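In this note's numbering, the protein residues as written are 1 to 772.
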């Protein structure tokens, strides 16, 4: 025999014999008090049986959707759940608003609902999500009647779990919001229910434990539905445990007395006159107003003007959206008022609120869509207007603020056009979002403009400073006025000049971009840093080329006259020794100008460029061929005046002239010996060797930090010694040319003398012959 039976038929007849056989089949007597009764109430065709079958593996009759919504469960049915511990009896009730019973009989609905409440440990109330807020659809009047009667039915005073099952949940509305609304409604009803003196101060929690769950749509979201039902089923496993759904129950009827117990309960409920129908006028007004509400909603949904405006609202801005929908809403609300003129005013007003709420719930997504379209359009117009102002460089002062205010005014007018009367909807959230988006766009454009101008200024700085720095360094040693200190003083002046010019141009190109004083100060520092970086980079590049530059300088002095014309060794006598010393002295001064960065603190900046970022490689090898440095990597460092951890105060002082002894000046053997004896000085060759030893023993330059050192003393010595070796070839060739020229001149002199003597002799002979 199947473990399902009709406990009470549609006429209210209690089938005790069938129940007895059923209880024998499920062996309830053996369970003692270890069993649970679960019942469900709710609107007709709300999926109660479907839920029970999937939750408890029962086989209650379900509605055939193809045949339309009709009553499938009549009376009260009972079944045994499969696979649950302890034994669980499931009660399925006829829907509370079935059309089959008509408007004349709702007593059975109330009787069966009260019966389910009294006999069950867990009462499930099936509620449509969209019915929440509708008093009748959410079974709230039924609860009022049940609570009132229950207070007088002594056998019912045991704690019950009320599980409110919200069907077809909304993915938008949080469950906690709905739960709070339902709990508040139940507490409000409970507070108004008359109670016996002994329970006058009792709260609803004394008799009930309220649990709220929600389920998705069975047809459209079936996988989610099945998954959540499976999770809900786990709550009914071991439900009598202390923390289970039925763990709080007391005075449980033993299984052997269950039949008589529920039979008596049904009899008492049927005889209770407190379940009489409400006044006929109230019932008729309620039902008819509900029908009119449904009719007006359906008419609105099929209205051509409504369809046109809502369709247009999905794809773009509808001009006069607010006026159009306001007229439509007014038309159908007025139609409802006209059709309900003869019904009770309190009921018609209540249902009018429901109709208004339903219309607004349908309308709101289209309203929000209109606001989104206005927001998108204004954002697009803002972007175009802002870009136009930037490109044309108009209204350079506060042009962003002007464009922003214009955009917000347009958006406000659009929101006014879409405004729906009687609603409390506003566009403040979208207004704030639009403002955030415009600000973000503006900041992005400011950042891009700042970066572009910064890149341009850096490019100009690098080009200008690079050329001018190289030209100034190339002048070192060309004359006595072109000493290292003079050259670097000129470089500092050029640096200050170029940086000041770049800072002025930078600021001019960012007019209208509302730079803060902090941003302006940071910009000036950045330009100053980059200017220093450019000088350091070029100085490093020139230092890497020091050997070639020295050879070029020496060869120019050796082979060219002061007017840059080639020396004529054959026609002019030259002092090669003096020329050689001049070339070496000039090359030495050139090398001295390249040993370190000497920018001091001329740049008005808190921080300076880290030369280590520019001079790469161990010990800053000046022979490195890699002269390129990523301009993005320059960083702040200490100034020339700061000294590293190592002591640089005892380093070689380039400007003291101690390295000038590297150029050996010849002396008269006698006079030089006398002077050395008198002054106690050394030979020039000895002084040169001493200068080289000094370069070998010192690792730094006097008061020059490692970060500003381009050529170390050891590298300086290596460069100089290599230079001295390399110039021997050109000097030798010049000496050879000079000797050959002297020899040629000597031969010309001798030949000329011989020719002169012969001519004299010939002339004398002729005179003698003539005399003879």
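Here a beta-carbon is modelled for each residue, glycine too, at the ideal position from N, C-alpha and C. Computed from a predicted structure; not experimentally measured.
query, result
"Tell me the rounded alpha-carbon separation between residue 525 and residue 483.", "30 Å"
"State yes or no: is the C-beta of residue 426 within less than 8 Å of the C-beta of residue 320?", "no"
"Please name the residue, chosen from 168, 211, 260, that lies closest to residue 221 on a Cα-to-Cα basis.", "168"
"Which whole runs of the alpha helix (DSSP H) in the stretch 288-373 are 4 residues long or more, in chain order?", "304-315, 321-339"
"Can you find the residues in the same chain that come closer than 7 Å, C-beta to C-beta, to residue 475, ignoring five residues on each side of it along the sequence?", "482, 487"
"So, helix, strand or coil for residue 424, using DSSP?", "coil"
"In chain order, what residues of the same chain have a beta carbon less than 6 Å from the beta carbon of residue 644, not counting five sequence neighbours either side?", "Residue placement at residue 644 is poorly supported in this model, since its pLDDT is 45, which falls under 50; the coordinates still yield a value, given next. Result list for residue 644: 705, 706, in chain order."
"Which of the three DSSP states is assigned to residue 126 in this structure?", "strand"
"With three or more C-beta pairs closer than 8 Å as the rule, is the stretch 498-515 touching the stretch 452-464?", "yes"
"State whether the stretch 201-215 contacts the stretch 20-30, with contact taken as three or more CB pairs (one from each stretch) at a distance under 8 Å.", "no"
"Would you say the stretch 114-126 touches the stretch 232-247, given that touching needs at least three Cβ pairs under 8 Å?", "yes"
"Check for me: the alpha helix (DSSP H) holding residue 719 runs from which residue to which?", "713-726"
"Any contact of the stretch 692-699 with the stretch 514-522, i.e. 3+ C-beta pairs under 8 Å?", "no"
"Relative to the C-alpha of residue 577, which candidate in 480, 734, 592, 410 has its C-alpha closest?", "734"
"Considering only residues of the stretch 499-544, which uninterrupted alpha helix (DSSP H) runs meet the minimum length of 4 residues and lie entirely inside it, listed in chain order?", "517-544"
"Taking the beta carbon of residue 32 as the centre, do at least 16 other beta carbons fall within 10 Å, making it buried, or is it exposed?", "exposed"
"Roughly how far, in whole angstroms, is the beta-carbon of residue 79 from the beta-carbon of residue 60, given that I think they are within contact range, below 8 Å?", "6 Å"
"Pick out whichever of 197, 297, 358, 34 has its Cα sitting closest to the Cα of residue 238.", "34"
"Find the nearest neighbour of residue 511 within the set 362, 446, 434, 545, judged by alpha-carbon distance.", "446"
"Could you please give the first and the last residue of the uninterrupted alpha helix (DSSP H) stretch that includes residue 207?", "204-207"
"When the Cα of residue 405 is compared with those of 385, 161, 325, which residue comes out closest?", "385"
"Going by alpha carbons, who is nearest to residue 111 out of 230, 41, 332?", "41"
"Taking three-plus beta-carbon pairs below 8 Å as touching, is the stretch 562-575 in contact with the stretch 488-495?", "no"
"Which residue or residues does DSSP assign as beta-bridge partners of residue 6?", "77"
"Select from 28, 729, 76, 85 the residue whose C-alpha is nearest the C-alpha of residue 9.", "76"
"Under the three-state reduction of DSSP, which class applies to residue 163: helix, strand or coil?", "strand"
"Evaluate residue 628 with the Cβ neighbour count: other Cβ atoms within 10 Å of its Cβ, from every protein chain shown; 16 or more gives buried, anything less gives exposed.", "Reliability fails at residue 628, whose pLDDT of 40 lies under 50, so the model's placement of it is uncertain and the value that follows must be treated cautiously. The residue in question, residue 628, is exposed, as its Cβ has fewer than 16 Cβ neighbours within 10 Å."
"So for residue 214, helix, strand or coil by DSSP?", "strand"
"With burial defined as no fewer than 16 other Cβ atoms inside 10 Å of the residue's Cβ, what is the status of residue 516: buried or exposed?", "exposed"
"Residue 171: which of 209, 217, 190 sits nearest, CA to CA?", "217"
"Which whole-angstrom value describes the C-beta separation of residue 183 and residue 211, a residue pair presumed to lie in contact below a C-beta threshold of 8 Å?", "Not quite, the Cβ-Cβ distance comes to about 10 Å (not below 8 Å), so this is no contact."
"Since residue 90 and residue 81 are thought to touch, with beta carbons under 8 Å apart, how far apart are those beta carbons, to the nearest angstrom?", "5 Å"
"Considering just the uninterrupted stretch of the beta strand (DSSP E) at residue 88, what are its terminal residues?", "87-93"
"What does the alpha-carbon distance come out to for the pair residue 461 and residue 684?", "45 Å"
"Report the three-state DSSP secondary structure of residue 595 (helix, strand or coil).", "coil"
"Can you tell me the Cβ-Cβ gap for residue 51 and residue 87, rounded? I've got them flagged as a contact below 8 Å.", "Actually they are not in contact, since the Cβ atoms of residue 51 and residue 87 sit about 20 Å apart, beyond 8 Å."
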